[in-house]
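Undergrad: Here you go, one structure.
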């Protein structure tokens, strides 16, 4: 023993007389540890993947909402006039040294080509020109995802399949839509 009272392990111990560790028990402990750690890592991985999927889904919802809001902002004439104001200044006719403007020079050109005759109008109104669907086609042209528009069209009671083919005939207008009946009900109840 040393000064602290701890027995010294050294040359006096015969290692051949000490019982060996039980290999089966050691192997069982190691296997149990590996299985527990693997299951814990898999569980953490699944939870992280679920959270990432939720975040990705939320980001897609926010992008769709943002695109719809941008489309609404672009449809407001006062806001659209602000950004178009700088472009309008560039297209103002400027008189040259002779006092004629660029437009007058273009109009006085004798070699102007005759305008082509307009095509005869179809017997039906295409969906893209129907006032109920026109705003959705405008949003598609602005880059709004069609999936978001399909959902919005269903909410407003419109058929989203018309969005896929803009040249097909528009569906017939109903005599009274749901919004008009609500307006008439509220006005009759208030009087």
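Numbering (this note's numbering), first residue to last: 839 to 1029. Every residue, glycine too, gets a C-beta built ideally from N, C-alpha and C. As the structure is a prediction and not an experimental result, all values here were calculated from the model.
Quick check: what's the CA-CA separation for residue 855 versus residue 882?
TA: Roughly 46 Å separates the two Cα atoms.
Undergrad: If I measure Cβ to Cβ from residue 988 and keep anything under 8 Å in the same chain, skipping five residues before and after, which residues do I get?
TA: Excluding residues within five positions, the ones whose Cβ falls inside 8 Å are 998, 1001.
Undergrad: In the DSSP assignment, what are the bridge partners of residue 1007?
TA: Bridge partners of residue 1007: 964.
Undergrad: Of the choices 984, 967, 976, 980, whose alpha-carbon is the least far from that of residue 1010?
TA: Closest by alpha carbon: 967.
Undergrad: Using only the alpha-carbon positions, how far apart do residue 897 and residue 863 sit?
TA: Distance between the alpha carbons of residue 897 and residue 863: 51 Å.
Undergrad: Could you spell out where the alpha helix (DSSP H) holding residue 912 opens and where it closes?
TA: Run containing residue 912: 861-913, per the alpha helix (DSSP H) assignment.
Undergrad: Please report the distance separating the alpha-carbon of residue 1008 from that of residue 895.
TA: Going from the Cα of residue 1008 to the Cα of residue 895 covers about 34 Å.
Undergrad: Applying the 10 Å Cβ sphere with the 16-neighbour rule, what's the burial state of residue 993?
TA: By the neighbour-count rule (16 or more Cβ atoms within 10 Å), residue 993 is not buried but exposed.
Undergrad: Please report the distance separating the alpha-carbon of residue 969 from that of residue 986.
TA: Going from the Cα of residue 969 to the Cα of residue 986 covers about 19 Å.
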